[in-house]
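Inspection log for the structure reproduced underneath, given as C-alpha cells.
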Amino acid sequence: MPSVTVVATPYGAPAYVSLAEAVAAAKVDDPLATVTLVVPGERVGVAARRALARGLSPRRPGVAALRVLTVRRLAETLVGDAFARDGRRPLTGPVLAAAVRHVLRTERGMFTPVAEHIGTVRAVARAYRRLRVLSEEQLDKIAATAHAVPAETVRLHRLVRRRCEARFFDEVDLLDAAVVAADSELFGSAVVFLPQDLDPPEVALLGAVARVSDLRLVLGLMGEPRADAGPLAVCRALGVHDCGGAARSPVGDVVVDASDPDDEVRHVVRRVVSALVDRPGHRVGVFYGAADPYARLVHEHLARAGVEVFGRGVRPTAEGRLGRSVLRLLALARNDFRRGEVLGLVTDAPLWHEEGRVPSSAWERVSRAAGVVRGDDWTRLKDYAAHQERWLGDHPDAEPWQVDRAGRETHSARSLFDFVGELRRGLSEVDCSRSWREMGDAALRLWSSLLGGDALAPEERRAAERIASTLGSLSGLDAVAGEPDPALLRELLEVELSDDLDRVGRAGTGVHVGPVAEGVGEDLDVVFVVGAAEGLLPARVAEDPLLPDRVRELTDGALPTARERVARQHRQLLATLAAAPPGGRMVSFPRGDLRQGGTRMLSRWLNPRTRIGVPSYAGAVERECCPATPQEWRQRAVVEHLLDSDPVMTKAIEARRARAGSEFTAFDGNLAGETLPDPTDGVAVSATALEAWVQCPHGYFLRHLLRVAPVRQPEEVVRISALDRGTVMHDVLERLVSRAVSEGWAPGPGQQWPERSRLVLSEVAHERFARAEAEGVTGFGLLWELDRQAMLADLVESVTRDDERRRCCGGLTPVAAEWSFDHVEFPLGDGRILALKGRIDRIDRATDGALVVTDYKTGKAKWYLRVEEDPCDRGHRLQLAVYAQAARADFGDQDTVVRSEYWFATRLGGFRRIGHVIDPPVLDRVRQALRIVVDGIAGGVFLARARNAATNTLFACPGCDLGEHGNEGVAAAWERKAGAVELAGLRTLLCEDG
C-alpha cells in the first residue's frame, strides 16, 4: 500500500540535507531506482540537482534515474502527448487574449464602456487564469452573488472557456487529465520538495500520485502558524495531519536603515563586495520586497561595482530594445511611417540591410537633410540623391573630401529609400493576409529578414526567440479571433511581451538578485533583504476589482484573499532569511524616499538584534571600509589626497579654477600658440564668417573651425523659419532679375518693370514654393499657406517698390543677380592681403556709371540701424564694403563710385534701405576692423560673447548657452576676463574701454 511520509525541515542548507535523505530512502539502496522529484520551481530544481550531485547524504543517492519536475511539468509529461494526438494545442497568451477580445466585442454586457480597452482584455484574461482552478460549483457560488462585477466576470469566463476548450488546452486541463493517468510505473517513487501554495488541481495531482506510489514530502516549516499555512494545507490535503515539529523562525541579524533607497542599496552593494572576498558569488543573494525602485537600483549598482548577477530581470521583453522594435515595426503603417518611428526602429534594434548592419547615424543625417517627416516624404530621398549627383557634375574641381561626402550621402539616401520600401512591402503583406496563420507568417518573415545574422547577447537572443515563438503561435487565432486584424496583432503581441519578464545571467553564476519569493528554497552563505519597510514589505495589497475578497472567501482558499497573500509574503520573507545561517542575514530599509517624499518605518515582521544607521553618501565614502565602485574608490582617494598626481583630476580642477578666474586661459578659448588657420594665407574666406567671429568668437570656432552646427529636426518645423523664408525670397528675386537681364527685358533708367515681370515672378515663386515644400522646411500646411501668401504679397510689392528705389538712386538698371566672386583681394593696409569670396544678391548701374550693390533682407531693419552711424557696425556688418570691392573688380574700376546697401524688401522691414557709399574713409574703417578680426582668429582668441538683447548681435552657435548659468554665465565670464591683453583689439572694435 503506498504511503505518505512527511519530513519537517528548516529552509536553507538543512532542507537540502533532508532532501538527500528522502531521495536516498526512495531509492532503497538502488542507485538506479526511478525517483520523481517535484520542486516548486525550475530554479529550485537546478539547485536540488546540484545538491544531490554533491552527495549531502552519507548514503549518496546521486542523480541517476532522477527526474526533477514541477507539478505542472509533471502533468505535461503524463498527458501532454495525448492532447497533441487529439489535435488540441496549448492555450497561449495571445490566443487567450484574442478569445477575450472577441467575447468582449460580441458579448460585452456591463463591460460595454471599457470593452475596447487593452487594460480590460488583460484584466479579464488574468481573471480567466485564476478562475480556471475553481470547480463548477465554486463558479456557481460566485455567479449567484449579489455582486454584479464578479458575476459578469464568471459569465465572460465561461464564454471564453466554451470558445477555447475544443481546440486548446491549458495547465488545468493537463492537471485534471494527469490525475486520471497517474501510474507508478511512469515515475516510480515520488519526493515533493518544499511545496508552497498549490492550487486545487495541483494538490489533486499530488493526491493521485500518493495513491499509486510512495510519496515523501520534505516540508519547510518555520513555526509561524499563519506563515506556515500554505505548506500545512498541502500536507492536510494529502491526508497527513501530523506534520512534525518546526524550526525556530529566522530573524535578521542586522537591520540597517539609510536615508533613502539609493543610499540603502549602495551600502548593501559595499557589503556584497566585502562578502565576495572569501566566497563565490552564487553563495550570496540580494532580495527585495518591492520591485519599484529596488529591482533597477540593485542591478544598476551591482553592475557599477562589476559584480556578476543572475535572476529576475528588471524589464519585460516589451520594454527591451527588441520588444520595442517589433512593436514599433508593426505600428509604422498606422503612424504613417513617421521619420522618428522609422529611425527609432533602426536605432533600437540590430537590424540588417544589404548584407550589413543598417547605418543608423548616416540614415538619420540624410533623412534630416532631405526634409523627411512622414508618409510620401520618403520620396524626397530620391530627389536628394539626384541633387547630390547633380552637384558632383556641376563641380568637377571639388575637393576629394567633398566628392567622398557627396557619394556617401547619395548611397545613404538610396539605401534608406530602398529599406523603407521593403518595410512598406512587408507590412503590406501583413495587412493583406487572409488568415491569422498568413498574418503571423508574414510578420515573422519581415521581422526575421530585418533582424539578420547579427550576434545577440544571451538576454537578447532569448527575447528574439520569444518574439519569434509568439508570432509563430498566431495560427491558432483563426479558431477564436475571427478575421485577421493588424491592430489586434500588435495588441496581442504587446500583451504577451509585457507579461514576459526577462532573466539575467545563468543560474548558479554570480549573485542571485530577485524578489523575496525567489529566496524560497535557496541555500546561501549571506542573504541581504532590501526595502524592508512598511508599505514595501509587506507591500500594500490591493483588491482585485473583478474578483474582490468578498467572493474569494467563497472559494475555500482556492483564490487567496488579500490577507492570505500578505501571509504568503511573510512566509517568503522568513524562508529567504532562513536560506543563510545565523550571522549571514542582513535586512535594510529606507527612512525616507526622495522620489515620493515622506518617512518610512521598519517592517512589522522584523525584530532585529542589532540596528545600524548608514551615514550620508559623502560620509559613507569617507568612512566605509570597502568602497564598491571605481567612482567611490576615486572619491575616497580624493578625500585622502591620493589623487594629487592624477592628470585627469588635476586638469579638471585646473579648468574649474581657470574658468572662475579673471585670466583668459585655454579653458576659456585662448588658443594662442596653437596651429590655427590664418585668414590671410591665401584661402578665400567670406565676409559672413568674419562677421561671425565679431559676434561670438566661440561661435566662430565651433562653426568654422570645428564644423559644428545646430541640428534642426524636420519634425520640429512648425512653420518656415526666418532663414528659410529669406532663402526662398532671395531665390525668387534672383531668378526674376537674372531672367530679365539674360532675356533683355530688364527695365532701363526711368522705366518700370514690365507687366511680364509679374507673370514671371508668379511662375518662379510657385516653383520655388513647391521646392521648399519638397525640402520639408515649410512646416504645417495651414501655417504654410498663410506664410506663402504673405511671401507672395511681399514679392509682388517689392517689384513696385523697386521701381521707386531705382528712380531715387539715379535711374538704375539691373546688371547682375546672385553674382558669385572668389579670391577678390582686399588689402589690409599693413602689407597683408585678405582673399574674399561670396555672392552678391544684386548689382545695378546708374546713368552716371555708379554701381549700387544690394543685399536683400527679409527681417526687421532695427537690427541694422547702427550701420547708419558706423559703416561696419563695429565689425558686425562687413558685407557691404566687401561686396562693393567685388563689384568694382568685375563691373568697374577703382574709381567707380559704389553704394552698398541693405534693402529690407518686405512689409516687415518697411522696404527700408540702409547703406553707404563705399569711399576711402569707409574702406579705412573696414580695414581697421578686418585687421582686428584676422589677428584675433590667427591669434586664437575664441572667448564666448553673450547675446546682446538690444542688438541681437550673436552668431547662432550651439555652445554659447551651455553651462550651469547659460547666457548670464557667458556674460559674467566676459566681464571677468575683459581686461586680458589678448582681447584688447576686440574691445577696441566693440568700443569697450575695458
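Using our numbering, you'd call the opening residue of the sequence shown number 505 and step up by one each time. All residues carry an ideal CB built from backbone N, CA and C; glycine is no exception.
Excluding the 5 residues flanking it on each side, Ala586 has same chain C-beta neighbours closer than 8 Å at Ala681 and Ala685, in chain order. Three or more beta-carbon pairs drawn from the segment 1346-1356 and the segment 1392-1409 are found closer than 8 Å, and the two stretches are therefore classed as touching. Residue pairing by DSSP places Asp1348 opposite Pro1318 and Val1356 in a beta bridge. Secondary structure at Trp1407: strand, using DSSP grouped into helix, strand and coil. The DSSP-derived three-state label of Arg1211 is coil. The beta strand (DSSP E) runs lying completely inside the segment 966-1036 and spanning 3 residues or more are 1005-1008, 1015-1019 and 1030-1034, given in chain order.
In this structure, Asp764 sits away from Asp1004, with a CB-CB distance that is not shorter than 9 Å.
It is roughly 23 Å from the alpha-carbon of Gly1363 to the alpha-carbon of Val1421.
For Leu1369, the number of other beta carbons within 10 angstroms of its own is below 16, and it is reported as exposed. Val744 is the residue among Val744, Val599 and Ala652 whose C-alpha sits nearest the C-alpha of Ser507. Minimum Cα-Cα distance from Leu780 among the listed residues Ala910, Val510 and Gly810 corresponds to Gly810. For Gly1252, the closest of Thr1304, Ser1302 and Arg1349 by C-alpha to C-alpha distance is Arg1349. Burial of Pro1094 is indicated by the presence of at least 16 other C-beta atoms within 10 angstroms of its C-beta. Just measuring C-alpha positions, the residue of Glu963, Arg1411 and Val653 sitting nearest Gly817 is Glu963. Distances from the alpha-carbon of Val1024 to those of Ala968, Leu1384 and Ala1084 put Ala1084 closest. Ala627 and Arg633 have their C-alpha atoms spaced approximately 10 Å apart.
For Gln1217 and Gly844, the gap between their C-alpha atoms comes out near 10 Å. Within its own chain, the residues whose Cβ lies closer than 8 Å to the Cβ of Ala517, once the five positions on either side in sequence are excluded, are Asp1027 and Pro1085, listed in chain order.
With respect to the 9 Å criterion, Leu1040 and Arg994 are not classified as neighbours on the basis of their beta carbons. Along the length of the segment 520-577, whole beta strand (DSSP E) runs at least 3 residues long occupy 539-542 and 570-573, reported in chain order. Non-local C-beta neighbours of Gly848 in its own chain, meaning closer than 7 Å and more than five positions away in sequence, comprise Arg832, ordered along the chain.
Taking one beta carbon from each stretch, the segment 1156-1163 and the segment 1171-1190 have 3 or more pairs nearer than 8 Å; the two touch. Closest in alpha carbon position to Glu1486, among Val1221, Val1437 and Ala1475, is Val1437. Beta-bridge analysis with DSSP links Tyr792 to Pro1019 and Val1034. Bounds of the alpha helix (DSSP H) holding Met1295 are Gly1285 to Cys1312. Between the alpha carbons of Val658 and Thr1065 lies a distance of about 18 Å. Linking Asp687 to Arg666 through their CA atoms gives a straight-line distance of about 30 Å. Gly1283 counts as buried, since at least 16 other C-beta atoms from the protein chains shown sit within 10 angstroms of its C-beta. Residue state for Arg1262 is assigned as helix, using DSSP reduced to three classes. For His771, the three-state secondary structure derived from DSSP is helix.
Out of Pro1049, Asp1048, Gln1293 and Val1033, the CA that lies nearest to the CA of Pro1042 is found in Val1033. Arg1449 places its beta carbon less than 9 Å from that of His1202.
Looking at Val1187, Ala902 and Ala795, the one whose alpha-carbon comes closest to that of Arg1044 is Ala795.
Cβ neighbours of Leu573 within its own chain (closer than 8 Å, five residues either side excluded): Thr540, Leu541, Val542, Val543, Gly549 and Thr581. Among the bridge pairs identified by DSSP, Val695 is matched with Leu541 and Arg720. In the DSSP secondary-structure assignment, Glu1479 is not bridged to any residue.
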